[in-house]
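In my numbering, the protein residues as written are 324 to 691.
Just so you know, even glycine gets a beta-carbon here, dropped at the ideal spot from N, CA and C.
Scroll down for the structure; my scribbles are underneath it.
Take a look at the structure:
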């Protein structure tokens, strides 16, 4: 039986409690983020209480004023994402970072959501900007990156010094050693070397995060680089009874422009992983393909593969697919940063229990 009408009830189909103007006003007043509505000339038509509190202007002070002049202190449209996207390209944007100027003159970093407005006939009317303050978040992010970089730098020197003295002891420069002492010192040296590699990964990661690493492109023969790395890896592959192949087009491959040390690191990481996670008797195949716009490098293995739920995080920092594996968990994240810095792409396909394919591309037309 349907419920009876009573105090406070409203049968379905009746007019809403709020009229459209009242509903608009209620939403605008209670929005937890700043709201600014501008017309096609860039004049501010609406400014909600959250925007007033954030920017320091009252609604009456700011209505009818130029969005560019009052909130950016500039007449350059490209200084404002609202103008460069909603006005010029008529596109929307979510969580774009931007800088606005408060009434006090202080610049604050904001997360902006922007969209253009059109009437039913498709005529451009203006745009809306929703914004929230992320200055504190950005400051903490900078502090975290600075701390990480400082920590890694401070760790590196003692490790290098300690390794130097271990090598002196093993060379018996401080006197003869028993076999047991040599064995223990060798273990310490090996573990110190592992720690040094982890610290180096952290250092590189912090530099890539802060965009301090920039490729130094030069003519680079990708085929020769792959040949060298594969030959160096054959010793490890032979010990595991792995078949290691290099396949490439017979036609002459182009010389691309890339940072040799960086790309060598990507190749080394992907090849090392393929060999490491392939069981004895399996195969690792490296393919080099000359395509119209770029060069594709592919590492295919018959290894253990990756669980489907782990695939989305493969290139994330500190992602450890194999929890028992040694290392920092930064290798693939750094590889992605390097490839991206070169204007390329990197991806993975995997079937758990059957193997994985990692591939990356490098553009052929990228010159210094």
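Collapsing the DSSP output to three states places residue 613 in a strand. Here DSSP, grouped into helix, strand and coil, assigns residue 416 to strand. Sequence-distant partners of residue 454 (beyond 5 residues in either direction) whose C-beta falls short of 6 Å from its own C-beta, in its chain, are 357, 433, 435.
For residue 616 and residue 523, the gap between their C-alpha atoms comes out near 34 Å. Taking residue 388 as the centre and dropping the five residues before and after it, the same chain places the C-beta of 367 closer than 6 Å to its C-beta, in chain order. In the DSSP assignment, residue 372 falls within the unbroken alpha helix (DSSP H) covering 372 to 378. Each of 626, 671, 685 was checked against the Cα of residue 678, and the nearest Cα belongs to 626. The beta-bridge partner set that DSSP reports for residue 684 consists of 619. Taking residue 587 as reference, the option from 553, 469, 383, 567 with the minimal CA-CA separation is 553. Residue 572 is classed as exposed because its beta carbon has fewer than 16 other beta carbons within 10 Å across all chains shown. Within the region 546 to 579, complete alpha helix (DSSP H) segments of at least 4 residues are not found at all.
Where residue 671 is concerned, the enclosing beta strand (DSSP E) starts and stops at 669 to 674. Nearest C-alpha to residue 485 among 519, 593, 499: 519. The shortest C-alpha to C-alpha distance from residue 674 to any of 422, 630, 663, 684 is the one to 630. Inter-residue distance for residue 414 and residue 528 is about 34 Å (C-alpha atoms, whole angstroms). At a Cβ-Cβ threshold of 9 Å, residue 437 and residue 404 count as neighbours. Residue burial annotation: residue 628 is buried, with at least 16 other C-beta atoms found within 10 angstroms of its C-beta.
Residue environment analysis places residue 490 among the exposed positions, since fewer than 16 neighbouring C-beta atoms fall within 10 angstroms of its C-beta. Contact check between the region 345 to 353 and the region 367 to 384: three or more CB pairs, one atom from each, fall below 8 Å, which counts as touching. Between residue 391 and residue 410 a beta carbon distance of about 10 Å is seen, past the 8 Å cut, so the two are scored as non-contacting. Ranked by how close their Cα comes to the Cα of residue 656, the residues 480, 460, 525 have 525 in first place. Out of 431, 664, 459, 417, the CA that lies nearest to the CA of residue 540 is found in 664.
Annotated three-state conformation of residue 663 is helix, per DSSP. The three-state reading of DSSP puts residue 491 in helix, counting H, G and I together. Contact check for residue 613 and residue 577: beta-carbon distance about 7 Å, within the 8 Å limit, so the pair qualifies. The beta-carbon separation of residue 439 and residue 421, rounded to 16 Å, does not stay under the 8 Å limit for a contact. Counting every other CB atom within 10 Å of its CB across the protein chains shown gives residue 600 a total of 16 or more, marking it as buried. Inter-residue distance for residue 377 and residue 456 is about 8 Å (C-alpha atoms, whole angstroms).
Shown here for residue 681: same chain residues with a beta carbon closer than 6 Å to its own, the five before and five after excluded, namely 593, 622, 671 in chain order. Sequence-distant Cβ neighbours of residue 597 in its own chain, meaning closer than 6 Å and more than five residues away, are 607, 622, 624. Apart from sequence neighbours up to five positions away, the residues of its chain that approach residue 417 with a beta-carbon distance below 6 Å are 436, ordered along the chain. In the DSSP assignment, residue 362 forms a beta bridge with 449. Excluding five sequence positions before and after residue 408, the CB atoms of its chain that fall closer than 7 Å to its own CB belong to 414, 416, 437, given in chain order. DSSP places residue 542 inside the beta strand (DSSP E), whose first and last residues are 541 to 543.
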